[in-house]
Each structure stands twice: as structure tokens, then as C-alpha cells.
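As C-alpha cells, the structure follows; a few thoughts come after it.
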């Protein structure tokens with residue numbers, strides 16, 4: 001268990017950074033298109049990784065492995081974030097955090113069906129507890145729907161698609177992350193995504209650098225910083241733990257988003273938030289023990 005501690009902390013860091021980045025993304029999404037915001041997000045993230053990556057010893061990638069890693073990067077860092085930003089522009093941040101937090105269920109089911117992980121009842125119960133905690137948080141906040149009481153259909157479809165893409169790519173990354181070091185591999189994946197997003201923005205006639213206020217730039221820089229650090233931690237953890245266990249820590253996202261929103265609006269924690277935190281923590285503990293067994 002002791003040897004897994006750093007990877008568990010890395011997975012937890014990723015989950016909290018995802019929740020924090022969702023709040024900032026929701027704040028700046030009206031000022032930029034999803035594609036422009038995604039490009040800036042990962043361009044800044046790549047810049048953060050570039051310095052350490054250039055100093056690191058790069059392995060000799062097999063051509064097909066490099067192509068696969070680049071493709072996974074485009075899917076996870078470009079396609080996923082385009083879908084997620086589209087959803088964030090149409091749904092509350094807490095709603096997006098909730099649905100995105102169901103990714104562990106998708107990951108667990110896909111990993112078990114593909115034979116990449118052994119199915120565990122304890123792991124399933126843990127994941128369900130964590131997701132139920134996120135559900136309690138959303139239902140208690142009363143912010144899961146729009147002002148007219150109905151969810152935006154295209155936003156929800158994009159959100160579900162982003163969740164499925166995240167689950168599938170997390171499983172597929174595993175073999176490559178056990179074969180190659182995390183820092184150059186994450187830089188390769190993110191670099192491919194940045195190139196894809198730059199081309200996409202050009203074809204769509206969308207600016208790579210929109211006009212932001214000083215406060216909005218602060219949010220954008222934070223999103224980029226959290227993306228660079230968060231996805232390095234994610235890929236590093238995927239090379240050391242089961243994908244379903246790593247992705248289970250994404251349930252920390254809704255709790256983090258809700259806590260930050262409470263701090264921003266200077267409100268006291270609601271009973272729903274406290275119950276959600278308890279369920280999420282209990283679920284993560286059970287999932288961790290189930291994966292160890």
C-alpha cells in the first residue's frame with residue numbers, strides 16, 4: 001500500500017484540479033468559443049510542461065506507439081475538452097461536474113468488459129458510493145437544471161460523450177504509461193492536442209487568443225496551469241494504478257467545485273455538501289481497498 005501512496009495522491013490532485021478548473025471555465029466561457037478556450041488551456045499547460053520535458057531524457061518511441069499516444073492526446077485533451085466546454089457554456093458548472101464524475105462507472109464497466117481489470121464488488125460499491133455523493137451534492141444544491149427547469153439537450157449530449165471519451169482513453173493509456181515515462185509522454189499527447197486545436201480554430205475562423213479582461217485572463221492562466229499539472233498527474237497515476245481507481249478520484253471534482261463556489265459567494269456549507277463529502281470519501285476508501293484486493 002505504501003508504494004501506491006504517491007500515485008493515489010496524484011490521482012486525488014487531478015480530481016480536485018478538474019473541479020477547480022470547471023469553476024474557472026464556467027466563468028470565462030461566455031467570452032470565448034469552446035475551441036479557443038481549449039486551445040489556450042492546453043497551450044498554457046504544454047508551456048508549463050515544456051521546460052521540465054526538454055530537460056528530461058526522452059525514450060525512443062516506437063512509431064506506432066507515438067501515433068497512438070498522439071491520437072489519445074487529441075481525443076482526451078482536444079475532443080473531450082471541446083465537448084466539455086460546449087456543455088459548460090449551456091449547463092451549470094455543478095451539473096457538468098456531476099455527470100463528469102460518473103466517469104468511474106464507465107471506466108470500471110469498460111475495463112471489466114475488455115478484460116483489462118478484474119471485476120470487484122467492493123470496487124463497484126465504492127465507485128457507486130462516490131458517484132452517489134456527487135448526486136447528493138447536485139440534488140441538494142438545486143442547480144442541476146436551467147432557469148426553466150429543463151436541461152439543455154445538446155449540452156447534456158456533449159457532456160455524456162465527453163465522459164465516455166474520458167473513460168475509454170484512460171483505459172487505453174495504461175499500456176503506454178507503463179512502457180514510457182510520464183513527462184515526455186504527457187507532453188507528446190498534449191502537443192498533438194494543441195496542434196489539432198490550432199488547426200480546428202483556423203478552419204472555424206475562431207481566434208486563438210480572444211479578448212479577455214484582466215480577471216478573465218487570471219481564470220484562463222489558472223485553467224492552463226491546472227491542466228498541465230493535472231494531466232501529468234493523471235497519466236503518471238495511470239501508469240501505476242488501475243484506470244478505474246485513478247478515475248474514481250474524479251468524484252472529488254464536484255465537491256471541489258461546490259466548495260469553491262461557496263467560498264466565492266461567502267456561503268456556509270450546506271448539509272448536502274457535507275453528506276456528499278462523506279459519501280465520496282467513503283467511496284474512494286472502498287474503491288482503493290477493492291483495487292488492492
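Residue numbers (UniProt numbering): 1 to 293. All C-beta atoms, glycine included, are put in the ideal place defined by N, C-alpha and C.
Where residue i falls, given that 16 or more other Cβ within 10 Å makes a residue buried
i	result
residue 178	exposed
residue 149	Residue confidence for residue 149 is low, a pLDDT of 46 falling below 50, so the modelled location carries little weight and cannot support an answer.
residue 157	exposed
residue 211	exposed
residue 186	buried
residue 118	exposed
residue 274	exposed
residue 63	exposed
residue 5	exposed
residue 258	buried
residue 10	buried
residue 199	exposed
residue 268	exposed
Residue i - DSSP class collapsed to helix/strand/coil
i	result
residue 208	coil
residue 152	coil
residue 231	helix
residue 180	coil
residue 91	coil
residue 241	coil
residue 273	helix
residue 268	coil
residue 119	coil
residue 58	coil
residue 35	helix
residue 287	helix
residue 279	helix
residue 21	helix
residue 146	Bear in mind that the predicted position of residue 146 carries a pLDDT of just 45, short of 50, making it too unreliable to give a figure here.
residue 185	helix
residue 102	coil
residue 7	helix
residue 213	coil
residue 26	helix
residue 114	coil
Supposed close pair residue i, residue j - CB separation, criterion 8 Å
i	j	result
residue 276	residue 137	4 Å
residue 227	residue 90	Actually they do not touch by this definition, with Cβ atoms about 21 Å apart.
residue 65	residue 173	Not really, about 12 Å apart at Cβ, beyond 8 Å.
residue 298	residue 80	The displayed coordinates of the chain run from 1 to 293. Any statement about residue 298 would go beyond what the structure contains.
residue 189	residue 236	Not confirmed; about 12 Å, so no contact.
residue 180	residue 61	7 Å
residue 39	residue 208	6 Å
6 Å CB neighbourhood of residue i in its chain, flanking five on each side removed
i	result
residue 253	15, 18, 19, 97 and 101
residue 192	70, 73 and 74
residue 194	42, 43 and 46
Beta-carbon proximity of residue i to residue j, cut-off 7 Å
i	j	result
residue 13	residue 201	no
residue 107	residue 170	yes
residue 103	residue 21	no
residue 286	residue 122	yes
residue 130	residue 251	yes
residue 260	residue 23	yes
residue 53	residue 240	no
residue 197	residue 78	yes
residue 132	residue 279	yes
residue 83	residue 31	no
residue 248	residue 127	yes
8 Å Cβ shell around residue i - same chain, five flanking residues per side excluded
i	result
residue 58	184
residue 86	34, 154, 155 and 158
residue 238	170, 173, 174, 177 and 246
residue 225	44, 45 and 48
residue 56	181, 183 and 184
Cutoff 7 Å; reference residue i; Cβ partners in own chain excluding five residues on either side
i	result
residue 147	The predicted model places residue 147 with a pLDDT of 42, which falls under 50 and marks its position as unreliable; any figure quoted below should be read in that light. Here the set comprises nothing.
residue 135	98
residue 298	Because the chain here runs from 1 to 293, residue 298 falls outside it and cannot be looked at.
residue 112	119
residue 124	108
residue 110	167, 168 and 171
residue 298	The displayed coordinates of the chain run from 1 to 293. Any statement about residue 298 would go beyond what the structure contains.
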